[in-house]
Every structure is written in C-alpha cells, then in structure tokens.
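A.B. asks: Let me begin by handing over the structure; questions about it come next.
Protein chains: 2
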Amino acid sequence: MSFKLTILGCSSATPTLYRHSSAQILNVNERLFLIDCGEGAQTQMRKFKIKFQRIDNIFISHLHGDHYLGLMGLLFTFHLLGRTKEIHIYSDPGLKKIIDMQIEISKANLLYPLIFHSIDSAKSKVIYNDDIITVRTIHMDHRIPTVGFLFTEKPKERKIRKEVIEKMQIPVKEYEKIKKGSDFTDARGKLYKNDELTISGPKPVSYACCSDTGYTESYIPLIKGADMLYHEATFMQDKLKNAREKFHCTSIDAATIALKAGVKQLMIGHYSARYNDLNPLLEEAKTVFENTILADEGVVYNI
Amino acid sequence: MSFKLTILGCSSATPTLYRHSSAQILNVNERLFLIDCGEGAQTQMRKFKIKFQRIDNIFISHLHGDHYLGLMGLLFTFHLLGRTKEIHIYSDPGLKKIIDMQIEISKANLLYPLIFHSIDSAKSKVIYNDDIITVRTIHMDHRIPTVGFLFTEKPKERKIRKEVIEKMQIPVKEYEKIKKGSDFTDARGKLYKNDELTISGPKPVSYACCSDTGYTESYIPLIKGADMLYHEATFMQDKLKNAREKFHCTSIDAATIALKAGVKQLMIGHYSARYNDLNPLLEEAKTVFENTILADEGVVYNI
Numbered sequence: 360m361s362f363k364l365t366i367l368g369c370s371s372a373t374p375t376l377y378r379h380s381s382a383q384i385l386n387v388n389e390r391l392f393l394i395d396c397g398e399g400a401q402t403q404m405r406k407f408k409i410k411f412q413r414i415d416n417i418f419i420s421h422l423h424g425d426h427y428l429g430l431m432g433l434l435f436t437f438h439l440l441g442r443t444k445e446i447h448i449y450s451d452p453g454l455k456k457i458i459d460m461q462i463e464i465s466k467a468n469l470l471y472p473l474i475f476h477s478i479d480s481a482k483s484k485v486i487y488n489d490d491i492i493t494v495r496t497i498h499m500d501h502r503i504p505t506v507g508f509l510f511t512e513k514p515k516e517r518k519i520r521k522e523v524i525e526k527m528q529i530p531v532k533e534y535e536k537i538k539k540g541s542d543f544t545d546a547r548g549k550l551y552k553n554d555e556l557t558i559s560g561p562k563p564v565s566y567a568c569c570s571d572t573g574y575t576e577s578y579i580p581l582i583k584g585a586d587m588l589y590h591e592a593t594f595m596q597d598k599l600k601n602a603r604e605k606f607h608c609t610s611i612d613a614a615t616i617a618l619k620a621g622v623k624q625l626m627i628g629h630y631s632a633r634y635n636d637l638n639p640l641l642e643e644a645k646t647v648f649e650n651t652i653l654a655d656e657g658v659v660y661n662i
Numbered sequence: 360m361s362f363k364l365t366i367l368g369c370s371s372a373t374p375t376l377y378r379h380s381s382a383q384i385l386n387v388n389e390r391l392f393l394i395d396c397g398e399g400a401q402t403q404m405r406k407f408k409i410k411f412q413r414i415d416n417i418f419i420s421h422l423h424g425d426h427y428l429g430l431m432g433l434l435f436t437f438h439l440l441g442r443t444k445e446i447h448i449y450s451d452p453g454l455k456k457i458i459d460m461q462i463e464i465s466k467a468n469l470l471y472p473l474i475f476h477s478i479d480s481a482k483s484k485v486i487y488n489d490d491i492i493t494v495r496t497i498h499m500d501h502r503i504p505t506v507g508f509l510f511t512e513k514p515k516e517r518k519i520r521k522e523v524i525e526k527m528q529i530p531v532k533e534y535e536k537i538k539k540g541s542d543f544t545d546a547r548g549k550l551y552k553n554d555e556l557t558i559s560g561p562k563p564v565s566y567a568c569c570s571d572t573g574y575t576e577s578y579i580p581l582i583k584g585a586d587m588l589y590h591e592a593t594f595m596q597d598k599l600k601n602a603r604e605k606f607h608c609t610s611i612d613a614a615t616i617a618l619k620a621g622v623k624q625l626m627i628g629h630y631s632a633r634y635n636d637l638n639p640l641l642e643e644a645k646t647v648f649e650n651t652i653l654a655d656e657g658v659v660y661n662i
C-alpha cells in the first residue's frame, strides 16, 4: 500500500511569503484525503500538480482561520470546474453553518452533493472507514474544539506458512479463508488452529496528524508506534510560556510526545511566522527524538 | 495628489497558478484603500511590500467568493499582528453576517474595532468622504447585488490670477479665502467677483472600478471622463454568449464602455482562467478603444 504525504502549508496563524496556512494531502493508494485547508491550499495544489478533483474526503481539525479559510474557495472551484461527484467534509458542526451561509449569500447552487459529518471533539472516534483505511479522531487540547486525525491501514491478511500448508496438502481454494484467520479441518477431521498455519501479515501503516494542541500526554496511547507523526511545534523551547498560554507546543514538546509514543518518525510543522530559519527547531527536537524531520511544502513523503 | 493603483489579483472565478482572485490597492497620498479581497490577497500584499496595516477602508464589490474570500484571513492577521486601529468595511450586509459568524465560531476577540457600512447596491451613493477623496458606488448588473466604486479627488482650490491680484494689492491673508471661491471687497467698497480673480484649479483625478457586471450603459454618465477605468473583460468577443449568460463582459464590451464614457485610459482585468496569453484580449479591446492596458499583478500604475 502506498501512503504519500504532501504538505501544502506548514505556517501557523498567519501565512508568510514562504509558508502557507495549514493543509496537507494524504494519498493512500491514489485516494486523496485533504487534511485542513488554510487559505491558498487550492493554489498550492495546482503548483504541486495534485489532481484535486480526486479528493472525496476533507478533514478539518478545528475552526481557527489558518486551518479552514481556503475551503470555501476550493468548494466553489470544484463547482466551477463542473464537479458532480459528492464531497464529504468532517469537522466541527460550526463549519457547516459557515459553509451554508456563504453558499446561500452567494446564491451558489453547487453541482455536487456536499455531505457534512459533524465531529464531536470530546472523544476519539472512527469517523471514516473504507476497504483499505480507517480514520480516527484524536482529542487535542486547544482553545476551541480541536481534533487530530489518525489514518490507519486496515489490518492486512495473515501470511500462509508455505512449508506447513504444502506438507498438509490443503486445497488452494481454502487459502483465502485461512489468510483471513480461519482454522482448517482436514478430511480425517483433524483441526489445525490458524496460528499453526499462518504468521501475521505486515504491520498496517499509520499516520497521525496532531495540530493544533497544547502539550498533553492524553493521546499517546492512541498514536503509539505510528509510522509517521506530524506534530505541531509552533515555538522553540525558549518560548515555552507563549506556547502554554496559547495552547501550542514547542519543538521539545513535539519530540517528547514522539519519544513517549514510540513513533517511527516525527515531522514537525505549524511554525510561528517569527522563524525564518527552521533548523534550530529541528536541532532542538532532535535532542529528544533523533528521527525528526521538518515539514516542507511541496515535498512528497513516503510513509 | 498621488493616485497609485496596484493590482493584487486579476483572475475571474478561480485563481490560476499565475493569477490571483480579485483585489486591488489604491494608494491616494499614502492612504491605502483595499478594493475587493479575493483569496491570497494578504500574501500578494506581502509579496509586493504593501504595508497593509495602513489600510483603514475596505470596499467589497459583491459576495461571490473570488471577491471576498481573502478578507477573513486578512482580518485575523490584522488582529494577530496587534492592530488596534479601527477598520471600516463597505459591502453588502450579507458580508457582516459572514464575518460575525466566523469571529464567533473561532472565538476571536478582535483587538481593533471593526466598523461595517452596509451598501445598498440599488442606487449610486457617496459612501466614503474625507478631506481629499470621495468614494461613490456604481450600480452593476450582476447575478447578485454588486457595485463598482468611483474614487474622486475632492475639487481642488481655484488658482489665483497673479497678474490681477497683484495689481489690486489684495492682502496675502485674503488669498486662502479667494482660492476657496470667495469674492473680495476692497477698502473703497468695490466688489470683485471670484471669477475675475481666479481660474479653476486642475481637474480632480478619478478612478472607476467596474467589476463584475454584464454589459450595461447605465453607469456611463457617472464614470464620464474618468482618468482610469478598470473594467472587467472576462471573455473575448467569441464568448459573447457565455458573457451574457453569466452577467460578465467581453473585451469589446469593456472598450465600448470606455469609449462612450470618454475615459482617459482603460485597464481590463478579471480574465477567465481559460486565457493563458492575454494579448488577444488587449488587441481586441484596442480595436474599439486604443488607450487600453492589461491589468498585471504587482505593477504600480500612476493615475
């Protein structure tokens, strides 16, 4: 399965000349999921040649402007380009009011069905589920209701232990059931438990996106062992007071979460506009969690 | 008086990789007026080094997304950068609802007063007035309530006819009153009418901004003789049917208005995303009105 992440925007609060407001595209086997949609996201997608009409699901973490103000423009663009395929939006119910009001006032009559899924940020829930992936919310600690998102590949089929199964001459038509976990009873009535016949399949890939949030360890169990954790690191540690006051994290906070959750890789982002050079944030995070990288707009990361 | 126009965005409907949604900055003697505020306007202002905290008045022509979707982001940025000076917004009352709802949902507590002035698009009215300029709405013919804006310099003082006034030995302290139009009575009681003493001052500069609109000659009297007319020219003449259906203009329409209104210069803009090369639109307009130029983002035009 391919899990590719493209960062469209990694700035916090205000866009800068070089960094845009929060938005990401997660491409799972060519299904495109948009995570947050700050101002300018549609232009970033054009720039990075992302076929944005293929987005069917949009996840908005919370209703601070830097995470959703590019959405209306994108929804109008979908319409103007003749989209008829439905689009699903997952967010705080306030966003539905904001969208509905603007559609009404502009007298737009969208060509496509817009299906809104309200998120209750109070607890973690599976909000999306298809044949290859599930998306679960992660409760964040921010000034207004906010969630992160955990994208997890569906558990893979178990692998048949070839040497065992061949020796036993199990008919090929039984293989699919066994891969899915069934036991097997042979012609003489002897039962073989599934774990005699198979080994577990490869570990499902997972991507956790945590922005915006103050420091909290509450969601560590949920993101345990994720292949990639995107975590906000708005400030460096010398601005810890600012971070605490504003319900944001420092690069040390983000790295501490990554360490405690035992993730494979940490990507920091949501940088304050005050930082031109981001390397000090990276170096600081690495003192706690070595496998840290900087979110960089337009780069495609294979998870 | 200096009248400088910077185009921040000249695309219609959807932004493209090279053109942004509608937005303009008019700089009148270093007072900055923002006309429309499509998505990305704040980033364009950073790019063109416009000191956007000096904007005090924002005029929004109508509530199609490409003319206002950059406004919320700019308003939040003003706040985040610590603005305390009031900001005035002039638009259809629907915009106030859109702004208020988003401020409420994001729990923003703006540091500055936001003063909203509702525009009744049905008739042309003076909506702004200071010591150097007036702004008047222009009724446009579009699918939803829409206005253009006419910026006119205040009438300049009359010029004293030096040869007359010196011969008569009028005291210098009387000059200011005479320049403002007063008559003068000398020591012997003889009255001199003002037009014996003065000639009219230079013609006030004016800038008319007409976007979006279908073709109508209704506002020609209002914009007569303007120094610069920005007029939408969404399509070329071969798309006249599209233009009429969508209440937009062709380049020939825009040039016809310019010709009939006897303006000094026409700037066309609000180009459909289908045009990569804009020169055919320019050439077409010039067949009707020679002194036409293309709106180009970032260029500063002296009016």
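If you read the protein sequences in the order shown, they are chains H and L. Quick note, the first sequence lines up with residues 360 to 662 if you use our numbering. Quick note, the second sequence lines up with residues 360 to 662 if you use our numbering. Heads up, the beta-carbon is just placed ideally off N, CA and C, and yes, glycines get one too. Computed from a prediction, not measured in an experiment: that's the story for all the values here.
For residue 520 of chain L, name the three-state secondary structure that DSSP assigns.
C.D. replies: Coil.
A.B. asks: Would you mind stating whether residue 592 of chain H and residue 627 of chain H have Cβ atoms separated by less than 8 Å?
C.D. replies: Yes; because the gap between Cβ atoms is below 8 Å, this pair is in contact.
A.B. asks: Do residue 615 of chain L and residue 500 of chain L count as a contact pair if the criterion is CB distance below 8 Å?
C.D. replies: The answer is no: Cβ separation not under 8 Å.
A.B. asks: Taking the alpha carbon of residue 515 of chain L as the point to measure from, which residue in L:493, L:539, L:508 has its own alpha carbon closest?
C.D. replies: Of L:493, L:539, L:508, the residue nearest in Cα terms is L:539.
A.B. asks: If you draw a straight line from the alpha carbon of residue 450 of chain L to that of residue 577 of chain L, how long is it in whole angstroms?
C.D. replies: Rounded to whole angstroms, residue 450 of chain L to residue 577 of chain L spans 21 Å at the Cα level.
A.B. asks: By the criterion of Cβ-Cβ separation under 7 Å, what are the contact partners of residue 469 of chain H in chain L?
C.D. replies: Residues of chain L passing the Cβ test: none, with the nearest at roughly 12 Å.
A.B. asks: CA-CA distance, residue 426 of chain L and residue 398 of chain L?
C.D. replies: Distance between the alpha carbons of residue 426 of chain L and residue 398 of chain L: 8 Å.
A.B. asks: The segment 395-424 of chain H: which residues have C-beta closer than 9 Å to a C-beta of chain L, in chain order?
C.D. replies: Within the segment 395-424 of chain H, the residues whose Cβ lies closer than 9 Å to some Cβ of chain L are 397, 398, 399, 401, 402, 405, 406, 421, 422, 423, 424, listed in chain order.
A.B. asks: Just how far apart, CA to CA, sit residue 375 of chain H and residue 408 of chain L?
C.D. replies: Distance between the alpha carbons of residue 375 of chain H and residue 408 of chain L: 12 Å.
A.B. asks: Of all the options L:362, L:373, L:383, which has the alpha carbon lying nearest to the alpha carbon of residue 656 of chain L?
C.D. replies: That would be L:383, whose Cα lies nearest to the Cα of residue 656 of chain L.
A.B. asks: At what residue ranges does the segment 540-600 of chain L contain a whole run of the beta strand (DSSP E), taking only runs of 3 or more?
C.D. replies: The qualifying runs are 565-569, 587-591.
A.B. asks: What residues from the segment 485-504 of chain L come within 7 Å of chain H, judged by C-beta to C-beta, listed N to C?
C.D. replies: Correct list: 502, 503.
A.B. asks: For the segment 578-587 of chain H and the segment 502-514 of chain H, state whether three or more C-beta atom pairs, one from each stretch, are separated by less than 8 Å.
C.D. replies: Short answer: they touch.
A.B. asks: By the 7 Å beta-carbon criterion, what residues does the segment 447-462 of chain L contribute toward chain B?
C.D. replies: Of the protein chains in the structure, H and L, none is chain B.
A.B. asks: For the beta strand (DSSP E) containing residue 660 of chain H, list its first residue and its last residue.
C.D. replies: Where residue 660 of chain H is concerned, the enclosing beta strand (DSSP E) stretches over 659-661.
A.B. asks: What residues of chain H sit near residue 439 of chain L, judged by a beta carbon separation below 8 Å?
C.D. replies: The answer, in chain order, is 372, 373.
A.B. asks: Using a Cβ cut-off of 8 Å (strictly closer), state whether residue 593 of chain H contacts chain L.
C.D. replies: Chain L, which has no Cβ nearer than 8 Å to the Cβ of residue 593 of chain H, makes this no.
A.B. asks: Examine chain H for any beta-carbon lying closer than 8 Å to the beta-carbon of residue 466 of chain L, and answer yes or no.
C.D. replies: Closer than 8 Å to some Cβ of chain H, the Cβ of residue 466 of chain L qualifies, so yes.
A.B. asks: Is it the case that the Cβ atoms of residue 457 of chain H and residue 461 of chain L are separated by a distance below 8 Å?
C.D. replies: Yes; because the gap between Cβ atoms is below 8 Å, this pair is in contact.
A.B. asks: With respect to the alpha helix (DSSP H) encompassing residue 487 of chain H, which residues constitute its N-terminal and C-terminal limits?
C.D. replies: Looking at the DSSP string, residue 487 of chain H is not in any alpha helix (DSSP H); the run it does join, the beta strand (DSSP E), is 485-488.
A.B. asks: Do residue 545 of chain H and residue 574 of chain H have their C-beta atoms within less than 8 Å of each other?
C.D. replies: Their beta carbons are not under 8 Å apart, which means residue 545 of chain H does not touch residue 574 of chain H by this criterion.
A.B. asks: So, with DSSP's three-state summary, where would you put residue 382 of chain L?
C.D. replies: Residue 382 of chain L falls in the strand class under three-state DSSP.
A.B. asks: Are at least three pairs of beta-carbons, each pair with one atom in the segment 595-611 of chain L and one in the segment 635-650 of chain H, less than 8 Å apart?
C.D. replies: No: the two stretches stay apart, fewer than three of their Cβ pairs being nearer than 8 Å.
A.B. asks: How about residue 641 of chain H: is its C-beta nearer than 8 Å to some C-beta of chain L?
C.D. replies: Chain L contact via Cβ: absent.
A.B. asks: Put residue 471 of chain H into one of helix, strand or coil per three-state DSSP.
C.D. replies: DSSP places residue 471 of chain H in coil when its eight states are reduced to three.
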